[in-house]
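Here is the structure we will look at.
Protein chains in written order, with our numbering: chain A, 268 to 1284; chain B, 2 to 221.
Quick look at the structure:
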C-alpha cells in the first residue's frame, strides 16, 4: 500500500495502520501521540458527548450514563443515582464559564449546573419537541445561552428565547460554536448571537450560502466552512484561507479553533482533520490510522493543549503533538526487526533489518537490497555511509563488510574473506579509510588492506560493539566483554571495571569535542571518562536503566539515551554536573509507551543502532521498527499541575472537610487514615509524580512516585497538617500543592484535664501521706515529750520533797550540833539538845526511807505498794496505840504502776490513816484489799465514832480539817483513774474505800492472773 | 520496823558477848561504847567487813552478832548465811539504814533473828539485844506475810513443815496482831509466842538453805 499523497513534501510519513479494537494504548500517528480511553479505563460508558475543564483543573466529560469528572487516573461518575439533583443522566453538553460554574446540558432539554460542590437545576425543557441541548456557553458580555436542537437559543439568565432562523416545524441540521462569541448555523445558515438577537451572517457570494460548519475564533472572527473552502470570516470579510475541504462531502460534526490557530474539524464518517496555518500539510486521523471510530462527536482543547475528542461509541480520545514518529516501508520490514540505521548526506536513510536485508529511503521512496543485490546474508547488523558517500554494510556472515557499487553490494579486494561479521563500521574523517569492528577486533581498512588495530581481549566473540574517534584522532573501542580500549599512536591501553568503568560490557560510545568520552554499558549504566577520571552513573542518579543501548547528541545541548526502558533525554550540563558529583541526581525526561512509543527496548551493542540525520532528527532501531524523534519539537509542559486533595477517609468513612480543615476533631481510636489526591495534568497522567508530608509525623517529604494515596495509621493525639505537591509529566513541580489540617482528639486519659486531675490527685496523695507520716512522727514526739515531762515532774517532785523534808532537818541538826557555851555547861540542856538532834535524825531517815521507796523503780509494782502500805499501817497505828488488822491476800499480783499512781495512792492511804487516828476516836483500824481482774478496792475501816456525811464540816468538831482532806483524797484518786468512796454510820465507824481501775493504768500488757483474795495457808 | 519486845526486863545472869560487823568507823566506836557502858554486855569484837569477821566469829563464838547489811565486799546477809551454820547458838541481828523488807527478809532467811534500824535509840537497841539473847524473836506483820508467801511452797522434809500452831501464829502476825494480842487470842503465854516464832525462823532458815541446795542438786 503506497501513499496516495504524492503531491506532499518528501518527508510525509506513511501512516502505520492500526487494527481497530486494540486495547487502549498510546500510539503515534501523524506527529501526534493518541490515547484512547474506554470503559476499562474507568469510563462509565464509551459514548462521550462533550467535555469541559473547570477552573480547579478537573476535566469533565458528558456521557449518556452521567457526568464524569476525570483527574488523570480516575473517572468519577455523577449520575441520577448518586446525584439526584441531576435531572437527566444523559449529559450532552458541558460548559465552564470560567467563574466557577460548570453548566450541564442534558438530552431531554434540561440545563443544570455545578457550583461550589453542589448541583442545581437551572432550566427545564420548554416543550416536548427536540429540546435537546446542542450548545451551551456565554457570549462576549458573559450572558449564558443554551441552543436547542430545534434551533431555538434560550437565555439562561432571563426568560428570553431567540427563535430559530428556520421555521420551527422543520427539522434541520444545527450547529453551534463559541469562540469569543456565540455562532450558530441552522440548515446552512449562520448567525451570531449579538445582544438579544440572532444576527444572520451575510456572506458575499451566493455560493457561500450553504454553511457546513462554523468554528468561532478567539478573535471576533469565525471559521466558516462553506463553498468547499476553509476560510475565516472576520470584520466582514474573509481574512484567511486554508485551502479546500480535505474531506469528501460529509457532515461536519464540529469544528474548533485551537489555541495555536490550528483548526480541528470533526466529521461523522471521516474522522478528524487538523488544518494548520502555514505550509504544514493537514493531518487526518481516522479509523484507518488508529481512531477507534470515525465519528467525532465533540472536540475540546484543555489548558495544557491536549485535544480531546469523542470517538463514536468507542470511547474518548486524547491527542498531543508528538516529536516521535515511526517510519516503515510498505512491506513493514517484512516482519523483521530493524537492526541498524545510517544517515546519508542527502537525507536518505539506510536501514538494516534482522532478516529482510537492507532498505533505503529517499525522498519518500523505498528501495530494497537483498540477496539479489549482493547481500548474501540478510541480517544487516551494521551500515554506514562515509563522508565520501560510500555505503558499507556488515552482515552476519564472514567476509564483510560489503560496499555498494553500482546498485550492488560487493566484497572489496581489501576485505579479507576470513573476517568475522562486522558490527561496527565507522569512517575515519579526513580519509577514505574505514574502521571495521568485528567479532575478533578492530581493524582499519584502506584501499589495499586491513590492519589490525586491536584484537578482542576475549578472543572471538568478544565483539567490537562500539567505536568512537575524538578530535585528536584517538580511537576508542568498546568490547562486548573486554572493556574499553584506547588506541593512540600505535599504542593500545585497556580500561576495565576495576579502573572505574561501569562494566566490561561496552555497548556504545560517544566522544565529545572536548575529549570527554561517554561509555554506555550493557549492565553498568553510563560512565564518563573525563581528564582521565571515570565517573559512574546509574539509576540512583536518575538513569532510566542500567542497560544503555545508544547515546546520541542532538546538537541542542541534550543527550538522547536509548535503553531497555525507553528513551531518556537529559541536558548535557545536568549530566556533567551529576558526574562531577555536584548534584546527587540529574533531571531528565524518559519517553516510554505513555508517549506513544510502541516499544521501550531499543537496539544496542552495535555501532549503527541509532543515528542522526542532517535535519536534526534522531533515529533509533528497534524490533518495533524505526523510531524517530525531532528534538526541535520537544516542548516541555510549562504548566505545573493543580493539586487537589480529593478525599480524606478514616476507617472507611469520609471525613467532612471545610475550608481545608477537617470539620471536627477525629477520635483517637482510629485505625487507618487515607488521603487521596490528584495532580491535574493530562498530558501524560501516569508521569505525574507526587510528594507528600504529614506535619507532625514526617520530617521530610515522602516520595510517592505516581501513587495518588497516602496512608497513616493510629496517629497520636495532636494537630496535624497534610501537604501534598505534584509535578507534571516533564518534572515541573507545583510546590504549593494542597494541604489539609486536622486534629486528633486525645484519649480521655490523655486529655489535659484527666492528666491534670491525676497529677493533682497524686500530689494530694503525696501531701496527705507526708502529712500523716509527719503527724504520726510528731505525735510520737509529743508522747515521748509527755513521758519525759512526766518523768521530769516526778523528779521535780522528788527533788522538792528532798529539799523540803531532808534539807530542813539536816540544817536543824547542823545547828543543834553547835550548842552555845551556856548549853554545854549544863549537862541537862546539852542532853536535851542531843535528844533533839536524835529526833531530827530519825525523822529525816524516815522521810528518806519514803523517798527512796518512791523513787526506786523496782517498787513500781502493786505488790510492793501493798507491802509497803501494810508495813506503814502497822508502824503508824502501833505508834498511835491503835490496833492494826491487815486483811490482805498473801499473793498480790505484780501489776506495774506508775510512780504517780503509787505516790497518790500512798498519800491518800496515809491521809485515811491520819483521819482514823486523829478524828475517828477508834481503837482498831481494819485494812482490807479486794482484788478483781482489772481493779482493786483498798478499804480502811475504823471502829470509831463515825460522822454524819451530810453535815457540813464546820459544824462537826470531829471534822475540823477532814472536809478539805476528803476532797483532796477524791481528787487524788480521780487523777489516777480511780474513786474514793466514804461511808460512815454515826457511832459505828467510818469506812474509806480507795477504788482504782487498772484499765486507766499503763499496765494493759501485764497478764492478770485470777486471784483469790485473802488466801491463807 | 521496830522490834516488838515483850519482856523488856528479862536479863541473863552472865554478860552477853556481842560482836559488831560495821564498816562506818563512827558507828563502830559508838556501838562499842554503848555496849561497854551497858550493864551485862561486853563487846567481843568489832570488824570492819565480813572477810575479817568470817574467820574470827567462829573462834569467838559470841552470843549476839550485830551485822550491817550494807557492807563492802561480801554483804551482811552473806555473812549470816555462812556463819549461822557454824555458830548456830549465835543470834544474828541485822543493822540497816532503811527498812527494805526484801533485804530484811533475805537476811532473816539467811539466818538472822531480827533487825534494827540504825536510828534506833540506844535504850531500844540494848533492850532488843537482851531480848534476842533471851529468846525473843521480833517479827513484824509484813515480814510475817513474806514468810507465809515463802513457806507456801512444798517442803523437802515433812519436818520442815510448820505445825498447826505455828501456822496460826504466823497468820495472826501477818494480820497485824501484836505478840500480846496473839497470846490473848490463842490463849498462850507470851514466851510461847516467842518460841513459836523462833521455831518459824529456824524452819525458815532451813527452808531457805535447803532451797538453795535443792536448786543445785535438782538442776532446775
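Where is the CB? At the ideal position from N, CA and C, for every residue including glycine.
Compute the beta-carbon to beta-carbon distance between residue i and residue j, rounded to the nearest angstrom, for a pair I have assumed lies under 8 Å.
{"i": "residue 70 of chain B", "j": "residue 108 of chain B", "result": "6 Å"}
{"i": "residue 607 of chain A", "j": "residue 624 of chain A", "result": "At roughly 12 Å, the Cβ-Cβ gap does not stay under 8 Å, so residue 607 of chain A and residue 624 of chain A are not in contact."}
{"i": "residue 730 of chain A", "j": "residue 761 of chain A", "result": "No, residue 730 of chain A and residue 761 of chain A are not in contact; Cβ-Cβ is about 16 Å, not under 8 Å."}
{"i": "residue 962 of chain A", "j": "residue 990 of chain A", "result": "7 Å"}
{"i": "residue 418 of chain A", "j": "residue 442 of chain A", "result": "The Cβ separation is near 10 Å, so there is no contact."}
{"i": "residue 968 of chain A", "j": "residue 960 of chain A", "result": "5 Å"}
{"i": "residue 321 of chain A", "j": "residue 369 of chain A", "result": "5 Å"}
{"i": "residue 367 of chain A", "j": "residue 346 of chain A", "result": "Not really, about 23 Å apart at Cβ, beyond 8 Å."}
{"i": "residue 510 of chain A", "j": "residue 500 of chain A", "result": "Going by Cβ atoms, the distance from residue 510 of chain A to residue 500 of chain A rounds to 16 Å, so no, they are not a contact pair."}
{"i": "residue 865 of chain A", "j": "residue 888 of chain A", "result": "Not really, about 13 Å apart at Cβ, beyond 8 Å."}
{"i": "residue 539 of chain A", "j": "residue 529 of chain A", "result": "That belief does not hold up - the Cβ atoms of residue 539 of chain A and residue 529 of chain A are roughly 11 Å apart, past 8 Å."}
Is the beta carbon of residue i sitting closer than 8 Å to the one on residue j?
{"i": "residue 175 of chain B", "j": "residue 145 of chain B", "result": "yes"}
{"i": "residue 1135 of chain A", "j": "residue 122 of chain B", "result": "no"}
{"i": "residue 298 of chain A", "j": "residue 592 of chain A", "result": "yes"}
{"i": "residue 895 of chain A", "j": "residue 886 of chain A", "result": "yes"}
{"i": "residue 353 of chain A", "j": "residue 327 of chain A", "result": "no"}
{"i": "residue 1192 of chain A", "j": "residue 1149 of chain A", "result": "yes"}
{"i": "residue 41 of chain B", "j": "residue 17 of chain B", "result": "yes"}
{"i": "residue 791 of chain A", "j": "residue 770 of chain A", "result": "yes"}
{"i": "residue 855 of chain A", "j": "residue 837 of chain A", "result": "yes"}
{"i": "residue 642 of chain A", "j": "residue 615 of chain A", "result": "no"}
{"i": "residue 477 of chain A", "j": "residue 493 of chain A", "result": "yes"}
{"i": "residue 571 of chain A", "j": "residue 950 of chain A", "result": "yes"}
{"i": "residue 773 of chain A", "j": "residue 736 of chain A", "result": "no"}
{"i": "residue 952 of chain A", "j": "residue 340 of chain A", "result": "yes"}
{"i": "residue 811 of chain A", "j": "residue 794 of chain A", "result": "no"}
{"i": "residue 85 of chain B", "j": "residue 112 of chain B", "result": "yes"}
Could you tell me whether the Cβ of residue i comes closer than 8 Å to any Cβ of chain B?
{"i": "residue 1158 of chain A", "result": "yes"}
{"i": "residue 1141 of chain A", "result": "yes"}
{"i": "residue 1134 of chain A", "result": "yes"}
{"i": "residue 1079 of chain A", "result": "no"}
{"i": "residue 1072 of chain A", "result": "no"}
{"i": "residue 1108 of chain A", "result": "yes"}
{"i": "residue 1152 of chain A", "result": "yes"}
{"i": "residue 1137 of chain A", "result": "yes"}
Any Cβ of chain A within less than 8 Å of the Cβ of residue i?
{"i": "residue 81 of chain B", "result": "no"}
{"i": "residue 205 of chain B", "result": "no"}
{"i": "residue 100 of chain B", "result": "yes"}
{"i": "residue 122 of chain B", "result": "yes"}
{"i": "residue 149 of chain B", "result": "yes"}
| request: Just list the beta strand (DSSP E) runs in the segment 991-1059 of chain A, keeping only unbroken ones of 3 residues or longer that don't cross its boundaries, in chain order. | output: 1000-1011
| said: For a minimum of 3 consecutive residues, which ranges assigned as the beta strand (DSSP E) are wholly contained in the segment 3-85 of chain B? | reply: 17-22, 42-48, 65-69
| Curious, which full-length alpha helix (DSSP H) runs of at least 4 residues does the segment 118-206 of chain B contain? | 123-134, 142-151, 165-175, 180-187
| task | Anything in the segment 126-145 of chain B with a Cβ closer than 8 Å to a Cβ of chain A? List those residues in chain order, please. | result | 141, 142, 143
| said: Please identify, using Cβ separations under 7 Å, the residues of the segment 1110-1126 of chain A that lie next to chain B, in order along the chain. | reply: 1112, 1116, 1119
| query | Between the segment 171-204 of chain B and chain A, which residues of the former have a C-beta closer than 9 Å to a C-beta of the latter? | reply | 171, 172, 175, 176, 177, 178, 179, 182
| said: Extract the residue ranges of the beta strand (DSSP E) inside the segment 552-584 of chain A, only unbroken runs of 3 or more that lie entirely within it. | reply: 563-568, 574-578
| Quick one: complete beta strand (DSSP E) runs, 3+ long, within the segment 636-695 of chain A? | 647-652, 658-662, 669-672, 675-677, 689-694
| task | Enumerate, from N- to C-terminal direction, the unbroken alpha helix (DSSP H) stretches of 4 or more residues contained entirely within the segment 894-919 of chain A. | result | none
| Enumerated in chain order, which unbroken segments of the beta strand (DSSP E) with a length of 3 residues or greater are wholly contained in the segment 454-526 of chain A? | 456-461, 464-467, 478-483, 489-493, 496-501, 504-511, 519-524
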